[in-house]
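Structure first, then comments.
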Amino acid sequence: MTAERVNPSELSPPTGFSHAVVATGSRLVFLAGQTALDPSGAVVGTGLSEQFERALTNLLTALKAVGGTPADLARVTVYTTDLADYRARAPELGRIWRRLAGRDYPAMAVVGAVRLWDEQALVELDGFAVLA
């Protein structure tokens, strides 16, 4: 995939995301929402940061299974049950993202949710990727 990350000077500087991603490739991969489930189906981690790391790891595992890499991500949506906590932990979550996925940021959004499918889940990530 080739990805052009576009961040117009007329918009606020992006922090941890790209305003637009122009992706060219031949395979579009839709990634289901991932929470902090372990292989047995149990939510692991009691805090947002722990659960974010596991959910991102799960998303990247699904992507890797189809031959993709974090740089192939074109769009990711983060759903959280506590926006204030997410904002407070944004620097730490950013470090987790960079360690696991690097600095090729997809277009992103963070959405507050009353609750997620797994009642213990504090965060869920979904997205799509474009592979060559």
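Numbering-wise (numbering that gives the first Met the number 0), the sequence shown opens with residue 0 and increments by one. Cβ coordinates follow ideal geometry from the N, Cα and C atoms, glycine included.
| Query | Result |
| --- | --- |
| Any 3 or more C-beta pairs closer than 8 angstroms across the segment 102-120 and the segment 56-75 | yes |
| Beta carbon of alanine 31 nearer than 8 angstroms to that of aspartate 117 | no |
| Simplified DSSP assignment, three categories, for tyrosine 104 | coil |
| Separation of asparagine 57 from tyrosine 85, as counted between CA atoms | 19 angstroms |
| Rounded separation between glycine 44 and alanine 35 - CA only | 7 angstroms |
| Cβ pair valine 75, valine 28 closer than 8 angstroms | no |
| Selected residue, minimal CA-CA separation from glycine 24, among Ala108, Tyr78, Val110 and Met0 | Met0 |
| Nearest-angstrom Cβ-Cβ length linking glutamine 50 and leucine 121, presumed shorter than 8 angstroms | 5 angstroms |
| Sub-8 angstroms separation of leucine 99 and leucine 130 beta-carbons | no |
| Every unbroken beta strand (DSSP E) within the segment 19-81, with a cutoff of 3 residues, ordered by chain | 19-23, 26-33 and 72-79 |
| Spatial neighbours of glycine 93 in its chain, beta-carbon cut-off 7 angstroms, leaving aside the 5 residues before and after | Gly15 |
| Glutamate 122: first and last residue of the uninterrupted beta strand (DSSP E) it sits in | One detail in the question is off: residue 122 reads as valine in this sequence, not glutamate. Unbroken beta strand (DSSP E) run through valine 122: 122-130. |
| Extent of the continuous beta strand (DSSP E) run through leucine 3 | According to the sequence as given, residue 3 is glutamate; it is not leucine. Unbroken beta strand (DSSP E) run through glutamate 3: 1-5. |
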